[in-house]
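Per this note's numbering, the very first residue in the sequence shown carries number 10; after that it's consecutive.
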Amino acid sequence: MNRFFTSIIILGIVFGALVFLFGIRATENIDASFSAKFEYSPEYLFDFITDVSKYPERKKDIESLEVLKRQGQKIVAWRENYKNGTWLEYDLVQETYPKIFEIELVNSSNDHTALVKYSLGETDGFTEIILTEKGKIESTFRRGLRSLSGDDSFLESQIKWLRVAIQTEQINRP
């Protein structure tokens with residue numbers, strides 16, 4: 010039994026050292042992009058993305074949405090509170106109908122801060138969304154975890170929620 014616990018402790022130390030070493034090697038700056046094509050108009054997709062008040066219905070796992078700031082009726086700063094206790098806080102940086110939606114985000118779970126930009130354009134009868142992320146992760150340990158896991162999935166998850174939410178809305182239309 011002692012060997013088992015010793016082995017577990019050694020594996021934990023080796024894993025921690027590996028994560029730390031990868032974190033040291035990884036840059037704290039993030040510069041990523043991801044694109045996807047949709048069969049909907051840029052106007053439809055833009056309206057869908059920018060209707061923050063409907064995010065609790067459209068994004069899985071959001072427990073509540075706190076409006077932090079409005080300009081008239083428009084929500085320009087908000088916090089998405091998730092069921093696991095984490096939150097994402099957003100500030101609108103730029104909105105140009107129907108081409109650009111840029112937001113600044115802070116993620117409570119991983120010290121991640123970034124500018125995320127949705128750029129919409131028409132290509133071959135489809136609307137292409139190009140998502141770009143420029144940000145940083147200051148924690149060496151979290152950079153190491155992201156590097157080891159190959160986790161550039163934030164942008165992919167944004168496309169995923171969009172696809173699922175649009176499909177769900179289309180299915181539920183009368």
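Glycine included, C-beta positions come from ideal geometry on N, C-alpha and C.
Asked	Found
R79: first and last residue of the uninterrupted beta strand (DSSP E) it sits in	71-80
Own chain, CB closer than 6 Å to E98, minus 5 neighbours either side, in chain order	R88, V115
Residue burial classification, I112 (beta-carbon count within 10 angstroms, cutoff 16)	buried
Collapsed DSSP secondary structure at N119 in the structure displayed	coil
Where the beta strand (DSSP E) through A45 begins and ends	38-47
Endpoints, the alpha helix (DSSP H) within which R67 is located	64-67
Which residues DSSP lists as bridging T105, in chain order	I109
Close Cβ partners of I124 (< 6 Å) along its chain, the five nearest in sequence each way excluded	A small correction: the amino acid at residue 124 is Leu; Ile does not occupy that position in the sequence shown. Cβ neighbours of L124 beyond the five flanking positions: E113, K143.
Reference V28; option with closest CA among A174, R182, F150, E37	F150
Reduced DSSP category for R182 - H, G, I as helix; E, B as strand; rest coil	coil
Top-ranked residue by Cα proximity to E165, from T15, I33, S44	S44
Stretch pair the segment 68-76 + the segment 44-58: three plus CB contacts closer than 8 Å	no
Run of the alpha helix (DSSP H) containing T136, from where it starts to where it stops	Element bounds for T136: not the alpha helix (DSSP H) but the beta strand (DSSP E), 135-146.
Rounded straight-line distance, which links the Cα of L154 to that of S16	22 Å
For T59 and R172, the rounded distance between their alpha carbons	15 Å
Beta-carbon contacts of T141 that lie in its chain and below 6 Å, excluding the five residues immediately before and after	S42, K126
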